[in-house]
Each structure stands twice: as C-alpha cells, then as structure tokens.
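Structure, as structure tokens:
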Amino acid sequence: MKTNRLFIFLFVTLLANIGLWGNYYVESKLSDNLIETSGVVLASEVASKSDLDAGVVYAPRIVYRYLAAGVELRGEKYSIYTDIPWWTGSRSSSEILVSRFPVGKKIVVWYDKRNPSFSRLVNVGPSILPPILSSVILFIVVRMLMRRAVIP
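Residues 375 to 526 in the working numbering are what the sequence shown spells out, letter by letter.
Right, here's the structure in full:
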C-alpha cells in the first residue's frame with residue numbers, strides 16, 4: 375500500500391516537473407524577445423471595485439506611453455505574470471506600487487520585438503527555483519523507491 379502511494383507521488387511529481395520546466399522554457403524564450411525602451415507614466419491610481427466575497431478590493435492602475443519601432447504605443451501591463459489592474463484587495467499594497475510610478479515619471483518599458491504592443495514595466499525572467507525543487511523531490515522519491523527494491 376505504501377509503495378502504491380510512492381508510485382502515485384512519483385507520477386504526480388514527474389508531471390509537475392515536466393510542467394514547471396516547460397513553463398520555465400516558454401517564459402525564458404519570451405524574455406529573450408524583449409527590447410528596452412523609454413516611456414512616460416500617463417496615469418497612476420488605485421482603482422477599487424466591489425466584490426461579493428471580499429467586499430471592496432483595490433488594484434494599482436498604471437498607464438504608460440512608450441516608443442516601439444518608431445510607433446508611439448500605450449500599455450498597462452506591469453509584468454509578464456500580472457495584468458494591471460489586478461484586484462489584490464489590499465489598498466496599501468496598491469498604493470505602494472502606484473507611488474513608485476507617479477504621473478510624468480520617465481520609466482523603462484520592455485516590449486516584445488515581434489509584437490511591440492505587448493509591453494511591461496518590469497523584466498523579471500522566470501524563476502528557476504520551482505523546477506529545480508521539483509527535480510530534487512523527484513530524485514528523492516526515485517531513490518526511496520530504489521532503496522525499497524521496488525525499482526530493480
């Protein structure tokens with residue numbers, strides 16, 4: 375019975391490992407296509423809306439203008455992982471982010487050279503930590519199975 379649980383855990387960990395490494399690969403390729411340009415913050419505010427479950431929730435809203443391939447564009451995306459606005463529920467965390475981007479501030483904008491309308495304010499690549507941790511867990515499970523002579 376315990377061996378069956380280990381095999382199930384091995385299978386789930388293997389699937390998670392494949393997914394995490396695949397996600398890392400896709401995100402790193404996306405980051406490779408980004409070009410840095412300058413921009414200006416056009417609007418920076420804390421937006422709010424009513425939510426049935428959480429009551430009033432808050433989100434930072436930052437609109438910026440940037441020049442990509444000779445064309446002036448506008449964007450609102452903060453990072454690859456997060457769309458702005460995202461509804462955090464926390465007014466204080468939204469205010470902290472908004473305070474970093476006052477209206478008129480000159481900023482660095484990253485845009486995709488294949489699709490200049492795709493932009494973001496931070497160029498944080500994917501974290502390699504989750505796939506590595508998943509690989510370590512997978513290794514430990516395989517070693518446990520080998521020690522129990524389940525895998526010859």
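Beta carbons: idealized from backbone N, C-alpha and C, even for Gly.
query	result
CB of R474 within 9 Å of CB of E450, strictly	no
Beta-carbon proximity of V420 to Y438, cut-off 9 Å	no
Bounding residues of the alpha helix (DSSP H) (the contiguous stretch that carries R517)	503 to 521
Residue of S424, R521, I409, Y398 minimising C-alpha distance to P490	I409
Backbone CA spacing between R488 and F381 [nearest angstrom]	43 Å
Cβ neighbours of E469 in the same chain (closer than 6 Å, five flanking residues each side left out)	V420
Straight-line gap, D406 to G413 (C-alpha atoms, nearest Å)	20 Å
According to DSSP, residues forming a beta bridge with G413	Y440, I481
Helix, strand or coil at V472 according to DSSP, with G and I counted as helix	helix
Residue of N391, R517, P476 minimising C-alpha distance to S418	P476
DSSP bridge partner residues for K423 (one or two, in chain order)	V431
Identity of the residue in L389, F385, G444, I392 nearest T411 by Cα	G444
Beta strand (DSSP E) segment containing L447, residue limits	445 to 449
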